[in-house]
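Read in the working numbering, the sequence shown has 366 at position 214, and its numbers run on one by one without any break.
Take a look at the structure below.
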Amino acid sequence: MTFLSKRRLLVLAAMILGAFSALFLIAPLTTKAQSNNEETYRQLTLFGDVFQRVREDYVEEVADQDLVEAAINGMLTSLDPHSAYLPDDNFQKMQVQTRGKFGGLGIEVTMENGFVKVVSPIDDTPADKAGILPEDLIISVDGESIVGLTLNDAVEKLRGPIGSNVKISVQRAQDEPFEVNIIRDEIKIRSVRTRLYETIGYIRITTFSEQTSPGLQKAMDDLQAETAEGLTGLVLDLRNNPGGLLSEAIRVSDAFLEKGEIVSTRGRGKNDIQHAYARPGDISDGLPIVVLINSGSASASEIVAGALKDHRRAVVMGTRSFGKGSVQTITPMPGHGAMRLTTALYFTPSGVSIQAKGISPDIEVALARIEKLEGGLVREEDLRGALDNQEGGAESTEDNTASAEPKDPIEIDYQLARAVDLLRGLSVFNALSSKS
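Printed below as a string of structure tokens:
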């Protein structure tokens, strides 16, 4: 192939990918880039050779755009599990998701050693209702293996029309793979939910979308209005929250901090550092806070947990978080989707990187289901040979039979129960201290 034909192929790639490929051809070069100019073009010539050979000799005809997009995506996905090329339809779906309403199964996934790994199911979605758990590996979709596919391709196979059925094969820990049938549905994310346990407020944040910070303020207002005595503590539940918008994570952290750094991002260059700081004002008026996290808490969730922990604004309870501490920059390519590239890492206020390590809780509490004995706890009257009450009186009318369905999540959620107990104990201690 002549140099001219190779050059035409490079121009064709630039036309398809717009600004992305143009970085190689027309962007101003730094001194270092200029010194490597000859080697760079040698590699691009190799790309041109392979491209042309595929066009001419591959057993089936393939569109030039498909070849170039696949090459670009291969380059990006080889860097890390989160960098990728997003075709236009994928880019549009991603933008819809950040606004809190989209179609699918309701799971956040990533790639790990060629497997699609569940970061977290989203509350009340088809995947959540089907029992999908953080760290599950999805190995096939409708009988077709997805091991080794790119993340985008695997996600596309999981998507489908609302109301359609999909059968996925799941590998959980060391167990044998099992199949789960899930009906796809429109995913309407209710980003913030609340519940009140006497004077302990509970706020569950399921994801960090554009709805989150306004929803948080409304949640606090509602909780304050529900209790005449006033709130004495707050549980902020970030478990199985896969993350979302960095800007929303900063706003949520800022809502509980009066001052100080929230998070910093550090890129490749020495000067490529950005800091986000809290502004005065605490929507909880200094209430004691327990933040719940687990292995499904990722990215934006870890930013919030890390900021509140480092500033000693909250006790973090649960298990170690996922460890997704990288920043992806989305660069739109007009008419050709977008490029998602990892450009920086997150650091907590104390300077600790979240990447791969996650946030360790102050108090480690493993997930455990609280089982209630059928018929309730054993009492004296239940023991064989127990003495009768000689004074008589009315018999207890308390129903000891456990209901088939718990009335409240705290009855079966050990981590939540521990968090509420901690805040109740702190409230009692403070009340006693104030009297002494």
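Ideal placement from N, C-alpha and C gives every residue a C-beta, glycine not left out.
Check                                                                                                                                                                                      : Outcome
Does the region 484 to 498 come close enough to the region 463 to 474 to have 3 or more Cβ pairs within less than 8 Å?                                                                     : no
Between leucine 368 and glycine 353, how many whole angstroms is the CB-CB distance? I'm expecting something under 8 Å.                                                                    : Going by Cβ atoms, the distance from leucine 368 to glycine 353 rounds to 12 Å, so no, they are not a contact pair.
Could you give the residue range of the alpha helix (DSSP H) that holds valine 479?                                                                                                        : Segment 478 to 484 is the beta strand (DSSP E) holding valine 479; no alpha helix (DSSP H) there.
Which stretch, first to last residue, makes up the beta strand (DSSP E) that contains leucine 198?                                                                                         : Here leucine 198 belongs to no beta strand (DSSP E); instead the alpha helix (DSSP H) covers 189 to 209.
Taking only three categories from DSSP, how would you classify leucine 289?                                                                                                                : strand
Please decide whether alanine 569 counts as near chain C, where near means a Cβ-Cβ distance under 8 Å.                                                                                     : Although the question refers to chain C, the structure presented lacks it and comprises just one protein chain.
Thinking just about the alpha-carbon of each residue, which of Leu398, Gly295, Leu303 is nearest to the one in isoleucine 320?                                                             : Gly295
Is the region 358 to 373 touching the region 412 to 432 in the sense that three or more CB pairs, one from each, lie closer than 8 Å?                                                      : no
Please report the Cβ distance between isoleucine 334 and threonine 358, rounded to the nearest whole angstrom; I am assuming they are in contact, meaning their Cβ atoms lie under 8 Å.    : Not confirmed; about 18 Å, so no contact.
Check whether the region 284 to 304 and the region 412 to 421 are in contact - that is, three or more C-beta pairs closer than 8 Å.                                                        : no
Among Ser365, Gln326, Asp406, which residue has its Cα nearest to the Cα of valine 344?                                                                                                    : Ser365
Under 8 Å between the Cβ atoms of glutamate 563 and glycine 510?                                                                                                                           : no
Under 8 Å between the Cβ atoms of valine 456 and valine 504?                                                                                                                               : no
Considering only residues of the region 345 to 389, which uninterrupted alpha helix (DSSP H) runs meet the minimum length of 4 residues and lie entirely inside it, listed in chain order? : 364 to 378
With distances taken from CA atoms, which of Ile291, Ile441, Glu362, Arg207 is nearest glutamate 331?                                                                                      : Ile291
My output table needs one value for leucine 525: the three-state DSSP class, helix, strand or coil.                                                                                        : Summary for leucine 525: the model assigns pLDDT 40, below 50, so the residue's position carries little reliability; its value from the coordinates is reported in the next sentence. Here leucine 525 sits in coil by DSSP.
Please report how far the alpha carbon of alanine 583 lies from the alpha carbon of arginine 576, in whole angstroms.                                                                      : 11 Å
How would you label proline 432, buried or exposed, when you count the other beta carbons within 10 angstroms and need 16 or more for buried?                                              : exposed
Looking at C-beta atoms only, is the number of pairs between the region 428 to 445 and the region 398 to 415 that lie closer than 8 Å three or more?                                       : yes
Where does aspartate 276 fall in DSSP's three states?                                                                                                                                      : coil
DSSP state of aspartate 294, grouped into three classes?                                                                                                                                   : coil
Tell me, please, whether the region 274 to 285 touches the region 213 to 221 by the rule of three or more beta-carbon pairs shorter than 8 Å.                                              : no
Grouping DSSP H, G and I as helix and E and B as strand, with all else coil, what is phenylalanine 499?                                                                                    : strand
What are the start and end residues of the alpha helix (DSSP H) that includes threonine 229?                                                                                               : 216 to 229
Look at leucine 398 and alanine 452 and say whether their C-beta atoms are less than 8 Å apart.                                                                                            : yes
By how many angstroms is the C-alpha of alanine 518 removed from the C-alpha of threonine 494?                                                                                             : 32 Å
Taking the DSSP output, what are the residues bridged to methionine 263?                                                                                                                   : Val268
Hey, quick one: how far does the beta strand (DSSP E) through leucine 397 stretch, first residue to last?                                                                                  : Note, leucine 397: premise wrong, no beta strand (DSSP E); not H, not E.
Report yes if the CB atom of valine 322 is closer than 8 Å to the CB atom of leucine 348, and no otherwise.                                                                                : no
Provide the residue(s) that pair with threonine 471 in DSSP beta bridges, ordered along the chain.                                                                                         : Beta-bridge pairing links threonine 471 to no other residue.
Over what stretch of residues does the alpha helix (DSSP H) that includes aspartate 462 continue unbroken?                                                                                 : 452 to 462
I need the DSSP call for alanine 333, collapsed to helix, strand or coil.                                                                                                                  : According to the sequence shown, residue 333 is asparagine rather than alanine. Strand, per DSSP.
Quick one: what's got a C-beta closer than 6 Å to lysine 269's C-beta in the same chain, skipping five residues either side?                                                               : Thr262, Leu289
Can you tell me whether leucine 575 is helix, strand or coil according to DSSP?                                                                                                            : helix
Expressed to the nearest angstrom, what Euclidean distance is found between the alpha-carbon atoms of proline 561 and alanine 508?                                                         : 31 Å
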